[in-house]
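Undergrad: Quick one: the structure is below, questions incoming.
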Amino acid sequence: MGNVSEVMLIEQVVDRLAATYSDVPRDDVAQTVASAHDHFHDSTIREFVPLLVERRARKELSRNNSMLVWSS
Numbered sequence: 021m022g023n024v025s026e027v028m029l030i031e032q033v034v035d036r037l038a039a040t041y042s043d044v045p046r047d048d049v050a051q052t053v054a055s056a057h058d059h060f061h062d063s064t065i066r067e068f069v070p071l072l073v074e075r076r077a078r079k080e081l082s083r084n085n086s087m088l089v090w091s092s
């Protein structure tokens, strides 16, 4: 997988998570995905990075979303 493909896949992750977490501003979703993506910056095997990024970002967004529900 080349870098262009990975970038496109990461953009799709942002799209999916923004749709799932529609109550979270898209910029916040994109920032969470970017942070998760940075975590895998030094990974030498890139094929699974988009999947791992999505899982990590989803976990973070779920945690933050549940904290907002409890604090309301």
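Numbered by this note's numbering, the letters in the sequence shown go through residues 21 to 92 in order. Every residue gets a Cβ at the ideal spot worked out from N, C-alpha and C, and that includes glycine. A quick note: this is a predicted structure, and the numbers were derived from the prediction, not measured.
#1: Excluding the 5 residues preceding and the 5 following Asn85 in the sequence, name in chain order all residues of the same chain whose CB lies nearer than 8 Å to its CB.
#2: In terms of residues, what are the limits of the alpha helix (DSSP H) holding Arg66?
#3: Does DSSP put Met21 in a helix, in a strand, or in coil?
#4: Based on Cα-Cα distance, which residue from Arg66, Thr64, Thr52 and Asp58 lies nearest to Arg83?
#5: How is the alpha helix (DSSP H) around Val49 delimited, first residue to last?
TA: Working from what's here:
#1: Tyr41, Asp43 and Val44
#2: Looking at the DSSP string, Arg66 is not in any alpha helix (DSSP H), and its letter there is neither H nor E.
#3: Low per-residue confidence applies at Met21: pLDDT is 45, beneath 50, and the placement is therefore not dependable, though the value from the model is reported in the following sentence. DSSP places Met21 in coil when its eight states are reduced to three.
#4: Thr52
#5: Arg46 to His59
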